[in-house]
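Undergrad:
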Amino acid sequence: MDLESIFCHVKPLEGSLSCYSGYAFLQRNKVVIDTVNKQLLVRNQKFDFEENSPTNVFSDTTDCDISESDKEKKESCEQINNIGEKVNVSEETFHALNVKIANNITVQPFSTEIINLKVPKNISKNKDLIFIPKKNKLGYLINESLNVPTNANFFHTIIENNTNKVIHVRKNTIMGKLSTFDVNDIMSPFESEIYQINNLNLNEIHKMRRDELLKSDFKLDLLNDKDKKDMQELLLKNYKVFSKSYKTLGETSAVIPEFSLLHNFPLQTKPYSIPLMAKKYAQQEINNLLEAGIIEPSSSSNCFPVIFMKKKQNPNDSNSESKFRMVDDYRLLNSITETFKICLPKISEIIKNIAGRKIYCVLDLKSAFFQIKLRDEDKRKLVFCTEIGNFQPTRLPFGSKNSTSYFHTLISKCLNGITGKNVQFFLDDIIIAADSLAELKVTLQQVFDRLIKFNLTLDPAKLQLCKSEITFLAFDLNSNGFSPSEQNVNKVTNFPRPKNLKQ
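The following block contains the structure:
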C-alpha cells in the first residue's frame with residue numbers, strides 16, 4: 295500500500311466515494327477528522343463524510359465461506375448469484391471474499407492485540423486489498439484498512455476490546471471480507487487541494503503582528519496625553535514583540551528541551567469525554583493550534599488524555615460565554631521522565647531587588663511554553679488524544695515534566711546581563727521598574743530588543759503598564775517598598791474556623 299496516497303472508490307449508483315488513506319498522508323497534509331461535525335478539515339477546506347462504525351459495516355448475510363476440510367478440495371469458493379445458481383468466483387470476477395483469523399486469540403478488557411488474517415488463495419498476493427470487518431456480537435472493534443498480503447497469504451491488523459470482559463476469538467472465525475480495486479475507479483481528488491499549514495516566513499509573521507496590533511490594546515489611562523502618546527509610539531514601534539493569536543506566536547530554538555524516558559515502551563490511556571458545553575471550544579482550539587502549526591495529527595503509539603477546565607467567569611459579566619483551558623494530562627508520562635533540575639530564584643530576593651521604585655510595568659509572554667520548539671524525536675512522546683483525534687505538539691506543551699525548567703532557562707538566557715534593580719522575572723512574567731518615565735522607556739526598549747532577538751512575543755492584553763503600585767508574586771510593590779497583597783491577607787484572615795477534628 296502507498297501510505298503517502300489517498301484512494302477513492304467511486305460508487306456511481308450511490309453518488310458517493312469510499313476513501314482509504316495511510317497515516318502518512320493524513321499527517322503530511324495535516325488532515326483533521328472532525329467526528330463531531332462529520333467533516334474532514336484540510337486548512338480552510340471542509341469535506342463532509344458519513345461515519346460508518348467498524349462494528350456495523352458488514353451485516354450477517356450468506357458468506358462465501360471455505361472450511362478447513364474443504365480447502366484441499368476446492369481451489370475457488372462458490373457464490374450464490376441473484377437467481378440461486380452456484381457460480382465459481384475467479385480472481386478476475388470476485389467482488390468480496392471472506393477473511394478468517396489464523397489462530398485463536400484472547401483479548402483482555404480495554405486492550406488491543408495484533409492479529410493475523412488469512413487471505414483466500416485465489417487472490418493475487420501483489421494487489422492492494424480493501425478489508426471490511428464483519429459485524430460481531432462480542433463487542434470487539436476492527437477498523438477498515440488497505441493491505442498488501444505477505445508471501446504467506448496473511449496480513450496483520452489490530453483488534454480492540456473496549457468492553458470490561460475478556461474476549462475469545464476462535465481460529466477460522468470469519469472476521470470480514472476482502473475486495474480489490476477496479477483501476478478505473480481509483481483517483482486522487484484531493485491532492486491539488488492540500489495546503490501546507492503555517493508555512494509563513496518571519497517577515498510575513500512580523501507584518502501580521504503589525505497589522506493586528508492597535509493603540510487600544512494598551513491600557514495607559516494613568517498617563518497624561520503627552521506621555522500616553524509617547525508610550526504608544528514606543529509600543530507600536532516594537533510591534534515585532536507582540537502577538538494576539540497563535541498564528542503570530544513567537545518561536546525559538548535557543549533552548550531545546552530533551553525528554554529522556556526511563557523506558558521506551560508505548561504508553562496509552564483512553565481519552566476523557568469532552569463536556570458538552572466545552573465541545574465547541576475544544577474543536578475551535580484544536581483547529582487554531584493546527585492552523586498555527588503548534589500541533590499536528592499523529593499516529594504515534596503514545597497517547598495521553600486532555601482535560602478541559604472551566605476558567606473563572608468575570609463576576610461583573612454574567613452574560614459572558616464560558617471559557618475553558620485545555621490541559622494535557624501527562625501524569626503517566628511524567629512518572630517515567632528524567633528530571634531536568636534547575637534552581638528557581640527566591641521570590642523574596644526578586645521582591646527585595648525590585649521594590650521601592652516609582653513606576654512599574656509587568657510583561658506577560660503569550661502562551662509562553664508554546665514558543666519553544668521541540669525536537670522531532672520528542673514530539674511522538676507527547677501525543678494527546680481527544681474525541682476529535684490524536685495530535686502531537688511541535689512546541690513545548692503545558693503539563694509536561696521539566697517544561698517549567700526549560701522555560702526558565704530560556705528567559706534567563708534571553709535577559710542575561712540586564713536583570714537587576716530595573717528588571718526581574720519569574721517564569722513568564724517580567725517586571726520592569728524605574729524612577730522616571732524616561733528611565734522606564736529605556737529599560738523597556740532593552741527588554742524588547744532581547745525578546746525580538748530571541749523571537750519571543752508578549753500578550754498585549756495582559757500588560758500592566760506605567761503603574762505607581764503593582765501586585766507581583768503576591769506582593770504589593772510601590773515607592774515605599776513592598777507588603778503582602780491585600781487579597782492574600784484577606785484569604786488568611788477570613789479563613790473559616792475549623793468545626794471538627796477532621797478539619
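For the sequence shown, the numbering used here assigns the number 295 to the initial residue and increments by one for each residue that follows.
C-beta: ideal position from N, C-alpha, C; glycine also.
#1: Go to residue 582, then tell me how far its alpha helix (DSSP H) extends in each direction, as first and last residue.
#2: Looking at the structure shown, is residue 510 part of a helix, part of a strand, or coil, going by DSSP?
#3: Thinking just about the alpha-carbon of each residue, which of 778, 598 and 451 is nearest to the one in residue 563?
#4: Exposed or buried, what is residue 595 when buried is set at 16 or more other beta-carbons lying within 10 Å of its beta-carbon?
#5: Following the continuous beta strand (DSSP E) through residue 760, name the residue where it begins and the one where it ends.
#6: With distance defined between alpha-carbon atoms, name the residue in 721, 699, 643 and 437 nearest to residue 454.
#7: Rounded to the nearest angstrom, what separates residue 681 and residue 548 at their Cα positions?
#8: Taking the continuous beta strand (DSSP E) assigned at residue 548, which residues delimit it?
#9: What is the DSSP secondary structure of residue 639, counted as helix, strand or coil?
#10: Have a look at residue 495 and residue 744 and give me their C-alpha separation to the nearest angstrom.
#11: Inspect the beta-carbon positions of residue 622 and residue 678 and report whether they are closer than 7 angstroms.
#12: Would you tell me roughly how many angstroms separate the C-alpha atoms of residue 603 and residue 617, rounded to the nearest one?
#13: Between 742, 655 and 752, which has its C-alpha nearest residue 729's C-alpha?
#14: What is the DSSP secondary structure of residue 621, reduced to helix, strand or coil?
#15: Pull up the CB-CB distance for residue 411 and residue 395, whole angstroms please, since I reckon it's below 8 angstroms.
#16: Measuring alpha carbon to alpha carbon, tell me which of 577, 586, 643 and 627 ends up nearest residue 620.
#17: Measuring CB atoms only, is the stretch 701-713 touching the stretch 580-587, in the sense that at least three cross pairs come out at less than 8 angstroms?
#18: The beta strand (DSSP E) with residue 450 in it runs from where to where?
#19: Would you mind sorting residue 736 into buried or exposed? The rule is 16 or more other CB atoms within 10 Å of its CB.
#20: In whole angstroms, what separates the C-alpha of residue 637 from that of residue 587?
#21: Rounded to a whole number of angstroms, what is the C-alpha to C-alpha distance between residue 343 and residue 565?
#22: Assuming contact is defined by CB atoms lying nearer than 7 angstroms, are residue 695 and residue 628 in contact in what I supplied?
#23: Pull up the distance between the alpha-carbon of residue 726 and that of residue 739, whole angstroms please.
#24: Can you tell me which of the three DSSP states residue 566 falls into?
#25: Give the DSSP-derived three-state secondary structure of residue 558 in the structure shown.
#26: What's the gap between the Cα of residue 415 and the Cα of residue 631?
#27: Cβ of residue 544 within 7 angstroms of Cβ of residue 710?
#28: Nearest-angstrom Cα distance between residue 660 and residue 402?
#29: How long is the line joining the alpha carbons of residue 592 and residue 685, rounded to whole angstroms?
#30: Going by DSSP, name the residue or residues bridged to residue 700.
#31: Note the first and the last residue of the continuous beta strand (DSSP E) segment covering residue 656.
#32: Report the three-state DSSP secondary structure of residue 791 (helix, strand or coil).
#33: Could you have a look at residue 780 and say whether DSSP puts it in helix, strand or coil?
#34: Nearest CA to the CA of residue 653: which residue from 734, 789 and 472?
#35: Compute the Euclidean distance between the alpha carbons of residue 757 and residue 776, then round it to the nearest angstrom.
#36: Compare the beta carbon distance of residue 724 and residue 657 with 7 angstroms and say whether it is the shorter of the two.
TA: Put simply:
#1: Here the alpha helix (DSSP H) through residue 582 covers 573-586.
#2: In the structure shown, the three-state DSSP call for residue 510 is helix.
#3: Checking every option, the nearest Cα to that of residue 563 belongs to 598.
#4: Exposure of residue 595 is indicated by the presence of fewer than 16 other C-beta atoms within 10 angstroms of its C-beta.
#5: Its beta strand (DSSP E) spans residues 758-761.
#6: Per the Cα distances, 437.
#7: Taking the straight line joining both Cα atoms gives about 34 angstroms.
#8: Counting along the chain, residue 548 falls outside any beta strand (DSSP E), and DSSP gives it neither H nor E.
#9: In the structure shown, residue 639 sits in coil (DSSP, three-state: anything other than H, G, I, E or B).
#10: Using only the alpha carbons, I get a separation of about 20 angstroms.
#11: Yes.
#12: Per the coordinates, the alpha-carbon of residue 603 lies some 8 angstroms from the alpha-carbon of residue 617.
#13: Among 742, 655 and 752, the Cα nearest to that of residue 729 belongs to 655.
#14: Looking at residue 621 - three-state DSSP - the assignment turns out to be strand.
#15: Going by Cβ atoms, the distance from residue 411 to residue 395 rounds to 6 angstroms, so yes, they are a contact pair.
#16: The shortest C-alpha separation from residue 620 is found at 577.
#17: Contact fails: fewer than three Cβ-Cβ distances are below 8 angstroms.
#18: For residue 450, the enclosing beta strand (DSSP E) begins and ends at 448-455.
#19: An exposed status is given to residue 736, since fewer than 16 other beta-carbon atoms sit within 10 Å of its beta-carbon.
#20: Rounded to the nearest angstrom, the two C-alpha atoms are 32 angstroms apart.
#21: Each residue's alpha carbon lies about 23 angstroms from the other.
#22: Taking 7 angstroms as the Cβ cut-off, residue 695 and residue 628 qualify as a contacting pair.
#23: So the two alpha carbons sit approximately 11 angstroms from each other.
#24: Three-state result, residue 566: coil.
#25: Correct three-state label for residue 558: coil.
#26: Taking the straight line from one Cα to the other gives about 48 angstroms.
#27: No. Outside cutoff.
#28: The C-alpha of residue 402 is placed about 45 angstroms away from the C-alpha of residue 660.
#29: Roughly 5 angstroms between the two C-alpha positions.
#30: BP columns for residue 700 are empty, so no partner.
#31: Segment 653-658, the beta strand (DSSP E) holding residue 656.
#32: In the three-state scheme derived from DSSP, where H, G and I count as helix and E and B as strand, residue 791 is classed as coil.
#33: Looking at residue 780 - three-state DSSP - the assignment turns out to be helix.
#34: Closest by alpha carbon: 734.
#35: Answer to the nearest angstrom: the Cα atoms are 21 angstroms apart.
#36: Cβ distance < 7 angstroms, so residue 724 and residue 657 count as in contact.
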